[in-house]
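Trainee:
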Amino acid sequence: RHGDRAPTEYYPNDPYKDEGKYWPRGFGQLSYIGEEQHFKQGSFFRKRYNHILHETYNVNDTYVRTSYIDRTLASAQSNLAGLYPPTEQNRAQPNIKFQDIPIHMVDMDNDELIWNTENCAKYTTLLTYLKESDEYLCVMNTTATVQKEVSEFAGYSTFKRIIYDILFIDLANALVVLSPTAKDGEIEVRISELYNLPLPEWTKPYYPQPLKNLYLFEEFITAAGTNELQRLSAGPLLKEIISNTQAKVNGTLSPDRGLYIYSAHDNNVVEMLQTLKVFNGILVPYASAILIELRNKSDEYFITVSYKNSTELDPYLLQLPGCDALCPLDSFVELTKPIIPDDLTTECTEEVVAGQEYHFEIPAADLLANHLGVHPVTNNLKDPQVHLSQWNISHSQPYWW
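This note's numbering applies: residue 1022 is where the sequence shown begins, and numbers increase by one.
This is how it looks when you write it as structure tokens:
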């Protein structure tokens, strides 16, 4: 994920909507903090992968791809500054204090790896149907009052989930400098220290909770809430990763690179974690990275998946359901086969069966139950008058109130 940034937009009653005064680089742009975060990550990657990289950039070493957004491009530049620090060759050119490294990007209309869901009609239709599910409607009914009140305070005519991101100027920013067990109150204090922008008084009953869970549910859990949505969102990128990995093993990868870097967004990280069935339901901090690594042990090939969600801590080794943490490559390929699209263009134009009921699948269903306290026990949940009695949600549970 890109590093710390300014809010991408402001709400109508936002006291900090003066872009020139509060966000001198512009809305959505990478901040100085974000630059530092990715420089640290790049330095970490240099130590971790030094044995497979030249000191000076070589086209056969590294390939970098970003989304068509300024902050992911700037994050990649900062990351590469840490990954490829100046060398003796640079010192011979004192006016050039960095290594110039190509960064590749594709415009949004043609991006099939990072912005692919924006151009996939089938994904849009499936997401619409999922939002008609009992589970989704239950959450919307349960939070209807909160959404109405927040909209009125913020000046919205209808609720926008982005309000949470604006209010905390992204909670994940604080997570990189605090313990992973930091409480919301501690995080809010840290944000004030970073930006010195106290939140309006009206936000206290709603921020960080219940807006945090509503944002998590709507923006992330729902977006990859079924196997089909995962197949169309993270599936194409995972397909490219597996293809490059198999080519590396077979000796057919050309150029024979050792490192592929994709600079993207929090939704891309969550979609990949959900697709691999290892998402823990926690918002993705800035400059987080998923490390999918090929390992050779006694002439056998394995895949490990790690999650680095802090610039200060080592990555966490993850274990995919159905495989060991050190997962044989063949097993990894077989395990992920159901969520790898054969041909994305063809699948995105396929018609979706109308009238079929869609429900959240693993891991989204588990997240609803274990993280958000939503336990479906009936299929008749569209009536807002019955939702509290039909679902195990009550005012005593600290999920939405």
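We put the beta carbon where it would ideally sit given N, CA and C, even for glycine. These figures come from a predicted structure and were not determined experimentally.
By Cβ distance, which residues of its chain are closer than 8 Å to Thr1077, with the 5 residues on each side in sequence left out?
Mentor: Locating residue 1077 in the sequence shown gives position 56, counting from the first residue. Closer than 8 Å at Cβ, skipping near neighbours: Tyr1105, Thr1108, Gln1110, Gln1120.
Trainee: Considering Cα atoms alone, identify which of Thr1163, Ser1088, Leu1253, Gly1055 is closest to Ala1142.
Mentor: Residue 1142 sits at position 121 when you count from the first residue of the sequence shown. The option with the nearest alpha carbon to Ala1142 is Leu1253.
Trainee: Quick one: Cα of Pro1359 to Cα of Pro1257, how far?
Mentor: Position 338 of the sequence shown, counted from the first residue, corresponds to residue 1359. Position 236 of the sequence shown, counted from the first residue, corresponds to residue 1257. About 12 Å.
Trainee: Does the region 1058 to 1072 come within contact of the region 1085 to 1099, defined as at least 3 CB pairs closer than 8 Å?
Mentor: Judged by Cβ distances under 8 Å, the region 1058 to 1072 makes contact with the region 1085 to 1099, as three or more pairs qualify.
Trainee: Whole-angstrom Cβ separation of Asn1265 and Leu1259, contact assumed at under 8 Å?
Mentor: Within the sequence shown, the letter at position 244 stands for residue 1265. Within the sequence shown, the letter at position 238 stands for residue 1259. So it is not a contact: roughly 11 Å between Cβ atoms.
Trainee: For Pro1106, is the beta carbon positioned less than 7 Å from some heavy atom of the ligand FMN?
Mentor: Among the components modelled here there is no ligand, and therefore nothing to report on the ligand FMN.
Trainee: Since Ile1282 sits in a beta bridge, which residues does DSSP pair it with?
Mentor: Counting from 1 along the sequence shown, the entry for residue 1282 is found at position 261. DSSP output for Ile1282 lists Val1085 as bridge partner(s).
Trainee: Would Tyr1089 and Asp1025 be called neighbours here (beta carbons separated by less than 8 Å)?
Mentor: Here the question's residue 1089 lines up with position 68 in the sequence shown. Here the question's residue 1025 lines up with position 4 in the sequence shown. Going by C-beta atoms, Tyr1089 is not nearer than 8 Å to Asp1025.
Trainee: Going by CA-CA distance only, name the one from Glu1378, Glu1170, Arg1046, Gln1251 that's closest to Leu1294.
Mentor: The residue you call residue 1294 lines up with position 273 of the sequence shown. Ranking the options by Cα distance to Leu1294, first place goes to Gln1251.
Trainee: Quick check: the region 1302 to 1317 against the region 1039 to 1051, are there 3 or more CB pairs under 8 Å?
Mentor: The region 1302 to 1317 vs the region 1039 to 1051: no contact.
Trainee: Would you mind stating whether Ala1244 and Tyr1032 have Cβ atoms separated by less than 8 Å?
Mentor: Against the sequence shown, residue 1244 aligns to sequence position 223. Against the sequence shown, residue 1032 aligns to sequence position 11. No.
Trainee: Taking the runs of the beta strand (DSSP E) that are 3 residues or longer, which of them lie wholly in the region 1322 to 1368?
Mentor: Taking only runs of at least 3 residues, the beta strand (DSSP E) segments lying wholly in the region 1322 to 1368 are 1337 to 1339.
Trainee: Could you pull the DSSP bridge partners for Met1126 from this structure?
Mentor: Within the sequence shown, residue 1126 is the residue found at index 105, counting from 1. DSSP, once it has assigned bridges, lists Thr1087 as partnering Met1126.
Trainee: Do Val1290 and Arg1086 have their CB atoms nearer than 8 Å?
Mentor: Numbered from 1 along the sequence shown, position 269 holds the residue referred to as residue 1290. Numbered from 1 along the sequence shown, position 65 holds the residue referred to as residue 1086. No, these two residues do not count as a Cβ contact at 8 Å.
Trainee: When you compare only the Cα positions, how much space is there between Leu1350 and Ile1383?
Mentor: Residue mapping note: residue 1350 aligns to position 329 of the sequence shown, counting from 1. Residue mapping note: residue 1383 aligns to position 362 of the sequence shown, counting from 1. Taking the straight line from one Cα to the other gives about 23 Å.
Trainee: Are there three or more Cβ pairs, one per stretch, closer than 8 Å when the region 1371 to 1379 is compared with the region 1278 to 1285?
Mentor: No, the region 1371 to 1379 is not in contact with the region 1278 to 1285.
Trainee: Does the pairing of the region 1311 to 1329 with the region 1339 to 1357 give three or more beta-carbon distances under 8 Å?
Mentor: With a cut-off of 8 Å, the region 1339 to 1357 and the region 1311 to 1329 count as touching, because enough Cβ pairs lie within range.
Trainee: Rounded to whole angstroms, what is the Cα-Cα separation between Ile1242 and Leu1148?
Mentor: For this step, residue 1242 is matched to residue 221 along the sequence shown. For this step, residue 1148 is matched to residue 127 along the sequence shown. Ile1242 and Leu1148: Cα-Cα distance of roughly 11 Å.
Trainee: With C-beta atoms as the reference, is Glu1239 less than 8 Å away from Asn1288?
Mentor: Walking along the sequence shown from the start, residue 1239 turns up at place 218. Walking along the sequence shown from the start, residue 1288 turns up at place 267. For Glu1239 and Asn1288, no; Cβs fall outside 8 Å.
Trainee: Quick one, are the C-beta atoms of Gly1103 and Gly1049 less than 8 Å apart?
Mentor: The sequence position of residue 1103 within the sequence shown is 82, counting from 1. The sequence position of residue 1049 within the sequence shown is 28, counting from 1. No, the Cβ-Cβ distance between Gly1103 and Gly1049 is not below 8 Å.
Trainee: Which word fits Lys1298, buried or exposed, when buried means at least 16 other C-beta atoms lie within 10 angstroms of its C-beta?
Mentor: As a working note, residue 1298 is residue 277 in the sequence shown. It counts as buried.
Trainee: Leaving out five residues before and five after Val1127 in sequence, what residues of the same chain have Cβ atoms less than 7 Å from its Cβ?
Mentor: Sequence index remark: in the sequence shown, residue 1127 carries index 106 (1-based). So the list reads Tyr1089, once near-sequence residues are dropped.
Trainee: By how many angstroms is the C-alpha of Ser1319 removed from the C-alpha of Arg1069?
Mentor: As a working mapping, residue 1069 is identified with position 48 in the sequence shown. As a working mapping, residue 1319 is identified with position 298 in the sequence shown. Whole-angstrom Cα-Cα distance: 21 Å.
Trainee: Tell me, please, which residues DSSP counts as bridged to Ala1310.
Mentor: Taking the sequence shown and counting its residues from 1, the one referred to as residue 1310 is at position 289. Its beta-bridge partners are Lys1329.
Trainee: Please give the ranges of any beta strand (DSSP E) in the region 1248 to 1297, keeping only runs that are unbroken, at least 3 residues long and fully inside the region.
Mentor: As far as the region 1248 to 1297 is concerned, its whole beta strand (DSSP E) runs of at least 3 residues are 1280 to 1284.
Trainee: Please work out which residues of its chain come closer than 8 Å, Cβ to Cβ, to Ile1263, disregarding the five sequence neighbours upstream and downstream, and give them in chain order.
Mentor: Position 242 of the sequence shown holds residue 1263. Result list for Ile1263: Phe1353, Val1354, Thr1357, Ile1361, in chain order.
Trainee: Going by CA-CA distance only, name the one from Leu1158, Phe1180, Glu1156 that's closest to Val1167.
Mentor: As a working mapping, residue 1167 is identified with position 146 in the sequence shown. Checked all of Leu1158, Phe1180, Glu1156; the closest Cα to Val1167 is Phe1180.
Trainee: Do Tyr1227 and Val1171 have their C-beta atoms within less than 8 Å of each other?
Mentor: For the purposes of this step, residue 1227 is taken as residue 206 along the sequence shown, with counting starting at 1. For the purposes of this step, residue 1171 is taken as residue 150 along the sequence shown, with counting starting at 1. Contact flag set, yes.
Trainee: How about Leu1232 and Tyr1185: are their beta carbons less than 8 Å apart?
Mentor: Locating residue 1232 in the sequence shown gives position 211, counting from the first residue. Locating residue 1185 in the sequence shown gives position 164, counting from the first residue. It is a contact, given that the beta carbons lie within the stated cut-off.
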